[in-house]
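Mapping of the sequence shown onto full-length UniProt numbering: residues 1 to 711, in sequence order.
Beta carbons are placed, not taken as given, at the ideal position from N, Cα and C, and that holds for glycine.
Since this is a predicted model, take the numbers as computed values, not measurements.
Report on the structure given below.
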Amino acid sequence: MAAATVSRPGGGQATEKSQLTLKVLSAKPQSPKLPNRHSRLSSFVEVTADGLTSETKKTGKRSGNQELQWNEDLTLNVTPQSRLDLKLWSCHTLRKELLGTATIDLLDTLWTHDGKMENVQLSLVLHTENKGLVVSGGELNVCLDGLVVDLGSLPNGSAATDISSSFHSWEQRVLPHGRVYYVDHNTKTTTWERPLPPGWEKRVDQRGRFYYVDHNTRTTTWQRPTVESVRNYEQWQSQRSQLQGKKTSKKKISQRFTRLLFSQVYFVNHNTRTTQWEDPRTQGMIQEPPLPPGWEMKYTTEGVRYFVDHNSRTTTFKDPRPGFESRQGGSPGAYDRSFRWKYHQFRFLCHSNALPSHVKISVSRQTLFEDSFQQIMNVKPYDLRRRLYIIMRGEEGLDYGGIARQWFFLLSHEVLNPMYCLFEYAGKNNYCLQINPASSINPDHLTYFRFIGRFIAMALYHGKFIDTGFTLPFYKRMLNKKPTLKDLESIDPEFYNSIIENSLEECGVELYFAQDMEILGKVTTHPLKDDGENELVTQENKEEYISLLTDWRFTRGVEEQNKAFLDGFNEVVPLEWLRYFDEKELELMLCGMQEIDLSDWQKNTIYRHYTKNSKQIHWFWQVVKEMDNEKRIRLLQFVTGTCRLPVGGFAELIGSNGPQKFCIDKVGKETWLPRSHTCFNRLDLPPYRNLEQLREKLLFAIEETEGFGQE
């Protein structure tokens, strides 16, 4: 996954990211939550830039009585307008407890020090909550270094002007040692923090987190508001009021600001109760044809769309409009509401039994099988229900879901490889997999089957896909269903035809209720029933013979392996969770859809800094249309990390934080190769000059690149 670009440390512009070194020096906590003064306290400091999880750093743990010493450097990627949130935590045996919080506004600090943040030492007052009141929680000393900017590039000219022009009762002053504070002449009080705009209030929630209340609009936000961000919001509101009556307002899609410090806009769809970063006016999402007469569109409490036919007084999940029969997702018609209901019930069981925190799995691409085997088998089975965090050694990518998807794909390709003798192809022309009766050539084969059972259960539990599927009779065994003679036809048609078409009298063959089986050159005889080797098969008992033979054909030499696989699977996902599914539905959940519907792909793609009418977008889809299905799958895997589609097609692609549609973003120069963000299903497509250049760069990227990086 690629992150935002980081520019050089010095001379950055107001919107460029630079590296800032924050040295945590010491702390003197005074929280009422502290134990008695003579006991030793173990604590650490957590620093977050702009509320981003990716920009959260922690110090090591330090112990002491009155004062804690760290002198530890933390490196953060920030802009001159960033806000740093610092938290002091105490460490207990079973939990951690918040002792105090502090905030650094880099913009104010830069104005105070003439745009140069070079070894700037700050003494921060920690705040904590006691009986509903915000009180002092001690002192935290830090040092900032490495950020140098041109003050002329910063907004509003100066912080002092911003304060004096907006709040007539406030005054900004500077102490002799250079620290800025603010005077409220109405209440005759002072504060270190920059005052909030009129009508705003700062509050603390039950977890000790600060949030801000706008009494003007009766809304809340986690980000500290500034005069500039509020002014931008008011300007947008005035512009929006002039656009009332247009199609956008009719669809109840509103625009809001998050991270007010940066005036970043997101969009709320009140019909579906969902949010998105992309402007729907540029995505072609609103211009949908009307419903037929007598039809109405509604949403369940979970946000799932359905349609009401008032003519026949019926409901359906299928869109009745022409061209929308597959619910805009390309879902197969055979797997309609009943399958979706069962699938959502299964996902509910997974979410309700999820455990907090995460489990790290560190692997190398060169030794993927053995690394994964050792770590999965050394973890308690229920810990595999935690959020997965996959680390590819030697690569800098951060796993927000994309690396995990590729890990499942690559590892499934390895563990199910017939070259390891654990599985074999079902037939000469059938490349579905079944357990290899000769797997005992590996003395640890049962342990490996237990590992594979855990791995397959993890794929189902975490909603990921594997590369290669099993035979339908194998899925039946997982569901505790008995295979039938018809199943035998799907994996061994010649054997099936010989049983069905041949008459015992006509062939003149003597058959007994016993079968010979050869494994690794050794032939053994297996009776199909008690004393079966002495009972002759006749036309009268042929049906019994066929039933016993069919059951033996699917279990011959693999009973122990099958039990080990199911035991490993059941340790992570109880098999009873699957009892409502049939074998085809289980295959669809585990392997997804492999055939790509290009019209469904285009319909469910969103664009950033491009529009659907941009020439680069037209060229992109032209290149995709020229590709065969194999190359389209390679492109899909390049961008999303997997070559399979969810049951609902492209409309139900999953990203790091839930549903995330395929996105094409305008990033880079024409000399760059396209880049992918598998965690967010996003393709960075540079603005190429012509079709040939785009085709060459895109094909090279999807065929020649491998690995994850962080920029």
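Excluding the 5 residues flanking it on each side, K57 has same chain C-beta neighbours closer than 6 Å at V47 and L74, in chain order.
L635 counts as buried, since at least 16 other C-beta atoms from the protein chains shown sit within 10 angstroms of its C-beta. For P29, the secondary structure class from DSSP, reduced to helix, strand or coil, is strand.
Here E296 carries a strand assignment [DSSP, helix/strand/coil]. Relative to the Cα of T101, the nearest Cα in the group W295, C143, V363 and H127 belongs to H127. When secondary structure is reduced to three states using DSSP, R387 falls in the strand class. Taking 4 residues as the shortest admissible run, the stretch 402-485 contains the following complete alpha helix (DSSP H) segments, listed from N- to C-terminal end: 402-415, 445-461 and 472-478.
Around the beta carbon of G60, fewer than 16 other beta carbons sit within 10 angstroms, so the residue counts as exposed.
Secondary structure at M377: helix, using DSSP grouped into helix, strand and coil. Inter-residue distance for E571 and N417 is about 24 Å (C-alpha atoms, whole angstroms).
In this structure, the beta-carbon distance from N141 to L20 does not fall below 8 Å. DSSP, reduced to helix, strand and coil, places Q223 outside both helices and strands of the structure shown, so it counts as coil.
DSSP, read as helix, strand or coil, puts P646 in coil. Measuring C-alpha to C-alpha distances from P293 to each of Y299, N311 and F470 identifies N311 as the nearest. Per DSSP, A102 is one residue of the beta strand (DSSP E) stretching across K96 to D105. Contact holds between the stretch 559-569 and the stretch 428-443, because three or more Cβ pairs, one in each stretch, are under 8 Å apart. A buried status is given to Q406, since no fewer than 16 other beta-carbon atoms sit within 10 Å of its beta-carbon.
Burial check for W341: the Cβ neighbour count within 10 Å stays below 16, so the residue is exposed. K584: member of the alpha helix (DSSP H) spanning E583 to C591, first to last residue.
The distance from the Cβ of L685 to that of Q616 is about 6 Å, consistent with a contact at the 8 Å cut-off. By the criterion of a C-beta distance shorter than 8 Å, R347 is surrounded in its chain by G463, once the five residues flanking it on both sides are discounted. Nearest C-alpha to G655 among S676, P322 and Q81: S676. Leaving aside the five residues that flank V667 on each side, the residues in its chain whose CB is nearer than 6 Å to its CB run, in chain order, D684.
For S42, the CB contacts under 6 Å within the same chain, skipping 5 residues up- and downstream, are K61, S63 and C91 in chain order.
The residues S63, G64 and N65, in chain order, have a CB closer than 8 Å to that of R40 in the same chain once the five nearest residues on each side in sequence are set aside. Between the stretch 574-593 and the stretch 474-484 there are three or more inter-stretch CB-CB distances shorter than 8 Å, so the stretches are counted as touching. If you compare the alpha carbons of R579, A651 and W552 with that of M517, the shortest gap goes to W552. The three-state reading of DSSP puts C679 in coil, since its state is none of H, G, I, E or B. Secondary structure note for N119: it is in no alpha helix (DSSP H), with a DSSP letter that is neither H nor E. Beta-bridge annotation (DSSP): W170 is paired with D184.
Apart from sequence neighbours up to five positions away, the residues of its chain that approach R632 with a beta-carbon distance below 7 Å are I596 and V624, ordered along the chain. Across the set T484, P80 and N681, the C-alpha of T484 shows the shortest separation from the C-alpha of E583. When secondary structure is reduced to three states using DSSP, Q69 falls in the strand class. Residue state for S599 is assigned as helix, using DSSP reduced to three classes.
Bridge partners of Y306 according to DSSP: K298.
Look at N269 here: in three-state DSSP terms it is strand.
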